[in-house]
Amino acid sequence: VDQRKRFGVGKERYGDGEMTRERGKTEREAWEDHQAQKATLRFGSKNKKGVYDGYEFVFDEVARLVETCDEVEAEKDESRTVAERGKEDRKMLPIYAYRDELLKHIEENQILVIVGETGSGKTTQIPQYLQEAGYTKRGKIGCTQPRRVAAMSVASRVAQELGVKLGHEVGYSIRFEDCTSEKTVIKYMTDGMLLRELLIEPTLGSYSVIMVDEAHERTLSTDILFGLVKDLAKARPDLRLIISSATLEAKKFSEYFDSAMIYPIPGRRYPVEKLFQKCPEPDRLETAIRTVFQIHQTEPLGDVLVFLTGQEEIETAETKLKQRMKDLGSKSSEIIICPIYSNLPTELQAKVFEPAAKGTRKVVLATNIAETSLTIDGIRYVVDPGYCKINSYDPKTGMESLLETPISKASAEQRAGRSGRTGPGKCFRLYNVKDLEATTVPEVKRANLASVVLTLKSLGINDVYHFDFMDPPSDNSLVKALELLYALGALDAKSEITKLGERMVEFPVDPMLSKMIVGSEKYKCSVEIITIAAMLSTGSSIFYRPSKNQQYLADNARMNFYTEKAGDHIALLRVYNTWKEMDYSSQWCYENYIQSKSMRRARDIREQLAGLLKKIGVELTSNPDDLDAVKKAIVAGFFPHSAKLQKDGSYKRVREPQTVYVHPNSGLFGAPPKKWLVYHELVLTTKEYMRHVTEMKPEWLVEIAPHYFKLKDIEEAQPKKTQSRRSKSTKSLVLKVDTNKKAKR
Ligand code: CDP
Ligand code: MG
156 VDQRKRFGVG
166 KERYGDGEMT
176 RERGKTEREA
186 WEDHQAQKAT
196 LRFGSKNKKG
206 VYDGYEFVFD
216 EVARLVETCD
226 EVEAEKDESR
236 TVAERGKEDR
246 KMLPIYAYRD
256 ELLKHIEENQ
266 ILVIVGETGS
276 GKTTQIPQYL
286 QEAGYTKRGK
296 IGCTQPRRVA
306 AMSVASRVAQ
316 ELGVKLGHEV
326 GYSIRFEDCT
336 SEKTVIKYMT
346 DGMLLRELLI
356 EPTLGSYSVI
366 MVDEAHERTL
376 STDILFGLVK
386 DLAKARPDLR
396 LIISSATLEA
406 KKFSEYFDSA
416 MIYPIPGRRY
426 PVEKLFQKCP
436 EPDRLETAIR
446 TVFQIHQTEP
456 LGDVLVFLTG
466 QEEIETAETK
476 LKQRMKDLGS
486 KSSEIIICPI
496 YSNLPTELQA
506 KVFEPAAKGT
516 RKVVLATNIA
526 ETSLTIDGIR
536 YVVDPGYCKI
546 NSYDPKTGME
556 SLLETPISKA
566 SAEQRAGRSG
576 RTGPGKCFRL
586 YNVKDLEATT
596 VPEVKRANLA
606 SVVLTLKSLG
616 INDVYHFDFM
626 DPPSDNSLVK
636 ALELLYALGA
646 LDAKSEITKL
656 GERMVEFPVD
666 PMLSKMIVGS
676 EKYKCSVEII
686 TIAAMLSTGS
696 SIFYRPSKNQ
706 QYLADNARMN
716 FYTEKAGDHI
726 ALLRVYNTWK
736 EMDYSSQWCY
746 ENYIQSKSMR
756 RARDIREQLA
766 GLLKKIGVEL
776 TSNPDDLDAV
786 KKAIVAGFFP
796 HSAKLQKDGS
806 YKRVREPQTV
816 YVHPNSGLFG
826 APPKKWLVYH
836 ELVLTTKEYM
846 RHVTEMKPEW
856 LVEIAPHYFK
866 LKDIEEAQPK
876 KTQSRRSKST
886 KSLVLKVDTN
896 KKAKR
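According to full-length UniProt numbering, the sequence shown is numbered sequentially starting from 156.
Right, dumping it as structure tokens:
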């Protein structure tokens, strides 16, 4: 109660007007006073828009009204069923007070921008309100999420609240995983999946409402969706659009959607004490772990949320924390570690939401998924090292890499806020907030656009330069995307989508990978290629890396799959095929230091890829003895990722000046170097590393991609004779592309 009194006193802006709070009144009393006036204050003004035009988003500076939940808390009875409890929990969420008003505004406004602090109930409640109001009779309610874990876990939460089986009335759809059925009326999905649905159903006729959630994240797919659904709204007056976001950028969203109404939902927030490190230490992870133990030893009970950059860092942190706990002896049982990141197996995801047992402290190790997408109750302490992983793309060089980058000030505020949801919180910042940029650059300005450009082209939006981007990307990155798609054969010289391009679009993967898949038809090795593509798409590593003293065993086991010494792609193929021969045995995985979960996922993905090949009329053909054919198909998709050995053992990208290196996790690392490599992706850690590399022949480059490579690009490494022979064989592909062009015209 004392803490609550520290909230601002005096006049406060409160969304729809000012509220006066007398000195000494508790939050609860002030809240009640305000509720009494609310009827006249909220939307009481004649000019609804006017109220919001002047609305300032000052949620952080101003005390938020805190509705104490003591009474509701007292009503809690452990004997109730989950569904019953769910119903009551729903009423405790801040959004509940605004349910009817919200529904009224959705009915009256085709497009509504909803801003509300994380945890107020937007994602889980709004679709349910809409269902209760009868919207699902007209069509499904679709709600997009930038992250797959969020889509899954929110869907499962809502299914639980409604007391239905996940995948029935409430379902989710993420890449390579469709958990919906005929019955599904509330569908959570990644923003990328809705983009794909647009390809199949351009008017989204089966939907009555589309909610673009977490809009502030400004992922590439969300930004493209903005433009598409804005257009769609004009063609479909019955469709309702909800753009919802945490408090940031609401005005910008409103302006973009032709001055759509902004509806703010006040959240609850307790004060958060922010502590920061004046001189940040170089080893962030170590500092973070130390801070966790400091909290554990000196602070009252309450869960801790640590923001880390990714799965790898989280796993390291988990190991270190456990080790440290062991050293501490008996106390260790008091800490429960819960990791959460996008590739965490589904069955482990629920654990993070389970309340910690009495007397214990939950330590959640999360990526920035916990920043706004997921709300974990009970967090009182946030440890924020201040970094996240973002992908960055340099259109000049076509280099794409995942970078660990300092977060923005806006993110820092969001992260801190996670500790003050259920009581006063503390945030330990391992950096100085002064050093941060104000906001994160939207992904559209720093991403490889090839995939979305191809999607747009397939949707018939030919002039991508004039697409209605909220923030337009640079012309340069659009040019690069078009060039790449042209080189892959997905676009013709008039920049129109080719038949090949249309076939590539069918696959929910990047254009280079889809080209590799579709291209395998020519080399009669689609069976092998979809296996490789699936193994590359699991999102987690195939090989298990045990702790240091066992690593050599794992490395030995892994090298068994490199019998041809051709490279990582071929080894992945070998792993999969052997596993299949072993009847998909988990025991075999265990013995060979293979992650059986990743393998099962690969099998799943592979099945879907096979289905898609069938759909586009490509037969499954196998050519197990011709590894060159397999490698050629890889090069057909990945020729822009080719690299040539340098004298010092490093590699240089063909046609580009960058120096790149074989990743230490590659089976070719430390082996006698191959002259030419094709790689799957680059990762930047201490150096630019090529991940998943396979040997190739340079003459394939001009044979396969004559538009892209000239003989001089590979001249140095090749004796003159082979060159002339090569130029003849290049013709076939040129002809093929030409035929496509003609067919299109
Ligand atoms: O979307 P918004 O951030 O406004 O809130 P929400 O995701 O709808 O979450 C509302 C509440 O549901 C949170 O306070 C969580 O306690 C709960 N929730 C949960 O327990 N498990 C989930 N997977 C999602 C939400
Ligand atoms: Mg949400």
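Heads up, the beta-carbon is just placed ideally off N, CA and C, and yes, glycines get one too.
Which residue or residues does DSSP assign as beta-bridge partners of Gly580? Here the question's residue 580 lines up with position 425 in the sequence shown. The secondary-structure analysis by DSSP pairs Gly580 across a beta bridge with Val427.
Separation of Thr273 from Asp225, as counted between CA atoms: Locating residue 225 in the sequence shown gives position 70, counting from the first residue. Locating residue 273 in the sequence shown gives position 118, counting from the first residue. Here Asp225 scores only 30 on pLDDT, less than 50, and its place in the model is too uncertain to base an answer on.
Please state whether DSSP places Val815 in a helix, a strand or coil. What you label residue 815 is simply residue 660 of the sequence shown in a count that begins at 1. The three-state secondary structure of Val815, taken from DSSP, is strand.
Can you list, in chain order, the residues of its chain with a C-beta nearer than 6 Å to that of Tyr362? Leave out the 5 residues immediately preceding and following it. Here the question's residue 362 lines up with position 207 in the sequence shown. Cβ contact annotation for Tyr362 (same chain, cutoff 6 Å, sequence separation greater than five): Gly294, Lys295 and Gly297, in chain order.
State the beta-bridge partners of Cys298 as determined by DSSP. Within the sequence shown, the letter at position 143 stands for residue 298. Answer is Tyr343 and Met366, bridged to Cys298.
For the beta strand (DSSP E) that Asn546 lies in, which residues bound it at each end? The count along the sequence shown starts at 1 and reaches residue 546 at position 391. Unbroken beta strand (DSSP E) run through Asn546: Tyr542 to Asp549.
Proximity of Lys475 and Ile491 at Cβ, strictly below 8 Å: Taking the first residue of the sequence shown as 1, we reach residue 475 at position 320. Taking the first residue of the sequence shown as 1, we reach residue 491 at position 336. Contact flag unset, no.
Distance, Cα to Cα, Asp803 vs His621? Translated into positions along the sequence shown, residue 803 becomes position 648. Translated into positions along the sequence shown, residue 621 becomes position 466. Going by the C-alpha atoms only, they are around 46 Å apart.
Taking all protein chains shown into account, do 16 or more other C-beta atoms lie within 10 angstroms of the C-beta of Ser629, making it buried, or fewer, making it exposed? On the sequence shown, residue 629 is found 474 positions in, with the first residue counted as 1. By the 10 Å Cβ count, Ser629 comes out exposed.
For Gly822, the nearest candidate out of Gln286, Arg729, Glu592 and Thr693 (CA to CA): Here the question's residue 822 lines up with position 667 in the sequence shown. Nearest C-alpha to Gly822: Arg729.
Extract the residue ranges of the alpha helix (DSSP H) inside the segment 490 to 574, only unbroken runs of 4 or more that lie entirely within it. Uninterrupted alpha helix (DSSP H) stretches at least 4 residues long and entirely within the segment 490 to 574 occur at 501 to 504 and 564 to 572, given in chain order.
Count the other C-beta atoms from every protein chain shown that fall within 10 angstroms of the C-beta of Val634, then say buried if there are 16 or more, exposed otherwise. For the purposes of this step, residue 634 is taken as the residue at position 479 of the sequence shown. When all chains shown are included, Val634 counts as exposed.
Let me check understanding here. Comparing Cα to Cα, which of Pro663, Asn631 and Arg658 lies closest to Gly644? As a first step, residue 644 is located in the sequence shown; it is residue number 489 there, counting from the start. Measuring C-alpha to C-alpha distances from Gly644 to each of Pro663, Asn631 and Arg658 identifies Arg658 as the nearest.
For Ala726 and Ala401, the rounded distance between their alpha carbons: On the sequence shown, residue 401 is found 246 positions in, with the first residue counted as 1. On the sequence shown, residue 726 is found 571 positions in, with the first residue counted as 1. Distance between the alpha carbons of Ala401 and Ala726: 45 Å.
For Ile562, I'd like the list of residues in its chain whose CB is within less than 6 Å of its CB, leaving aside the five on either flank, ordered along the chain. Counting from one through the sequence shown, the residue named residue 562 turns up at place 407. Within the same chain, Ile562 has close Cβ partners Gly541 and Cys543.
Does the segment 552 to 571 touch the segment 513 to 533, meaning 3 or more C-beta pairs lie closer than 8 Å? Contact annotation: the segment 513 to 533 touches the segment 552 to 571, with at least three C-beta pairs closer than 8 Å.
May I ask you to check if the CB of Asp244 is nearer than 7 Å to at least one heavy atom of ligand 2? Working through the sequence shown from its first residue, we reach residue 244 at position 89. No, ligand 2 has no heavy atom inside 7 Å of this Cβ.
Are the CB atoms of Thr339 and Gly318 within a distance shorter than 8 Å? One-based indexing of the sequence shown puts residue 318 at position 163. One-based indexing of the sequence shown puts residue 339 at position 184. No.
Closer than 7 Å: Phe408 CB and nearest ligand 1 heavy atom: The residue given as residue 408 occupies position 253 in the sequence shown. No, ligand 1 has no heavy atom inside 7 Å of this Cβ.
Output the distance between the C-alpha atoms of Cys744 and Leu387, rounded to the nearest integer angstrom. Residue numbering aside, residue 744 sits at position 589 when the sequence shown is read from its first letter. Residue numbering aside, residue 387 sits at position 232 when the sequence shown is read from its first letter. Near 48 Å, if we compare the C-alpha coordinates of Leu387 and Cys744.
Looking only at DSSP bridge pairs, what is Phe462 linked to? To locate residue 462, count along the sequence shown from 1; it is residue 307. Bridge partners of Phe462: Ala521.
Please say whether Leu764 and Ala688 have beta carbons closer to each other than 8 Å? Start at 1 with the first residue of the sequence shown, and residue 688 comes out as number 533. Start at 1 with the first residue of the sequence shown, and residue 764 comes out as number 609. Cβ atoms of Ala688 and Leu764: closer than 8 Å.
Glu854 burial status per 10 Å Cβ neighbour count (16 or more: buried): The sequence position of residue 854 within the sequence shown is 699, counting from 1. Here Glu854 is buried, its C-beta having at least 16 other C-beta atoms within 10 Å.
Rounded to a whole number of angstroms, what is the C-alpha to C-alpha distance between Ser556 and Glu256? If you number the sequence shown from 1, residue 556 lands on position 401. If you number the sequence shown from 1, residue 256 lands on position 101. Near 45 Å, if we compare the C-alpha coordinates of Glu256 and Ser556.
Among Asp482, Ile379, Cys434 and Asn498, which one has its Cα closest to the Cα of Ile469? Here residue 469 refers to the residue found at position 314 when the sequence shown is read from its first residue. Closest by alpha carbon: Asn498.
Is the CB-CB distance between Phe381 and Tyr418 below 8 Å? For the purposes of this step, residue 381 is taken as the residue at position 226 of the sequence shown. For the purposes of this step, residue 418 is taken as the residue at position 263 of the sequence shown. No, Cβ-Cβ distance for Phe381 and Tyr418 is not below 8 Å.
Terminal residues of the alpha helix (DSSP H) in which Arg729 lies: Looking up residue 729 in the sequence shown gives position 574. Its alpha helix (DSSP H) spans residues Asp723 to Glu736.
Contact test: Thr278 Cβ vs ligand 2 heavy atom, cutoff 7 Å: Reading the sequence shown from its first residue, position 123 is the one you call residue 278. Checking every heavy atom of ligand 2 against the Cβ of Thr278, one is found closer than 7 Å.
Should Phe508 be counted as a contact of ligand 1 given a C-beta to heavy atom distance under 7 Å? As a working mapping, residue 508 is identified with position 353 in the sequence shown. Indeed, a heavy atom of ligand 1 lies less than 7 Å from the Cβ.
Alpha carbon to alpha carbon, how far is Val599 from Val815? Position 444 of the sequence shown, counted from the start, is the residue given in the question as residue 599. Position 660 of the sequence shown, counted from the start, is the residue given in the question as residue 815. Rounded to the nearest whole angstrom, the CA to CA distance from Val599 to Val815 is 25 Å.
Quick one: what's got a C-beta closer than 7 Å to Lys735's C-beta in the same chain, skipping five residues either side? As a first step, residue 735 is located in the sequence shown; it is residue number 580 there, counting from the start. Same-chain partners within the cutoff: there are none.
Nearest residue (CA-CA) to Ala252, options Gly241, Thr515 and Tyr284: Along the sequence shown, one-based indexing puts residue 252 at 97. For the options Gly241, Thr515 and Tyr284, the alpha carbon positioned closest to that of Ala252 is the one of Tyr284.
For Cys434, which of helix, strand or coil comes out of DSSP? Residue mapping note: residue 434 aligns to position 279 of the sequence shown, counting from 1. Three-state DSSP puts Cys434 in coil, outside helix and strand.
When the distance is taken between beta carbons, is Val673 closer than 8 Å to Leu640? By one-based count along the sequence shown, residue 640 stands at place 485. By one-based count along the sequence shown, residue 673 stands at place 518. Remark: C-beta atoms of Leu640 and Val673 do not approach each other more closely than 8 Å.
Can you give the Cα-Cα distance for Leu383 and Leu611, rounded to whole angstroms? By one-based count along the sequence shown, residue 383 stands at place 228. By one-based count along the sequence shown, residue 611 stands at place 456. In a straight line, the C-alpha of Leu383 is about 9 Å away from that of Leu611.
What is the DSSP secondary structure of Phe408, reduced to helix, strand or coil? Taking the first residue of the sequence shown as 1, we reach residue 408 at position 253. In the structure shown, Phe408 sits in a helix (DSSP, three-state: H, G or I).
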